[in-house]
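Numbers in the working numbering are just positions in the sequence shown, counted from 1, shifted up by 42. Here is the structure we will look at, set down as structure tokens.
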Amino acid sequence: MARICAGRPVLSDSAREFSHVPKRFHAVMAEDSGQSVLSSLESHVLPLIPGLADRIATGIRVLDVGCGSGRIMNRLADQ
43 MARICAGRPV LSDSAREFSH VPKRFHAVMA EDSGQSVLSS LESHVLPLIP
93 GLADRIATGI RVLDVGCGSG RIMNRLADQ
């Protein structure tokens, strides 16, 4: 979080004040999701919702709104 908000008010303070999200927010989130979520997607994240992996395999529709660079959605689409 420190990398995201370097030189800026705390992110939650920015949200309360309706100011913009720091410019590097999405880039840092994309980097972090590649290191943490993407590597454990199939083994730890998908099993949190019973039947989700099977539903994704059948081609369900998924909406991804502002969640990084789309690497996770691309990984899911490849399944």
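Where a beta carbon is used, it is the ideal one built from N, C-alpha and C, also for glycine.
Test item: CB-CB of residue i and residue j under 8 Å
i: residue 83; j: residue 98; result: no
Integer Cβ distance of residue i from residue j, believed to fall under 8 Å
i: residue 120; j: residue 112; result: With a Cβ gap of about 12 Å, residue 120 and residue 112 do not count as contacting.
i: residue 102; j: residue 80; result: Contact doesn't hold; Cβ gap of about 20 Å is too wide.
Other residues of its chain near residue i: CB distance less than 6 Å, five sequence neighbours each side excluded
i: residue 94; result: 88
Span of the alpha helix (DSSP H), counted from its first residue to its last, around residue i
i: residue 103; result: Careful: residue 103 lies outside any alpha helix (DSSP H) and carries neither H nor E.
i: residue 118; result: 113-119
i: residue 80; result: 79-82
i: residue 98; result: 94-99
Chain-order list of residues whose beta-carbon lies under 7 Å from that of residue i (same chain, five-residue window excluded)
i: residue 46; result: Because residue 46 sits at a pLDDT of 49, beneath the cut-off of 50, its placement in the model cannot be relied upon, and the point is left open.
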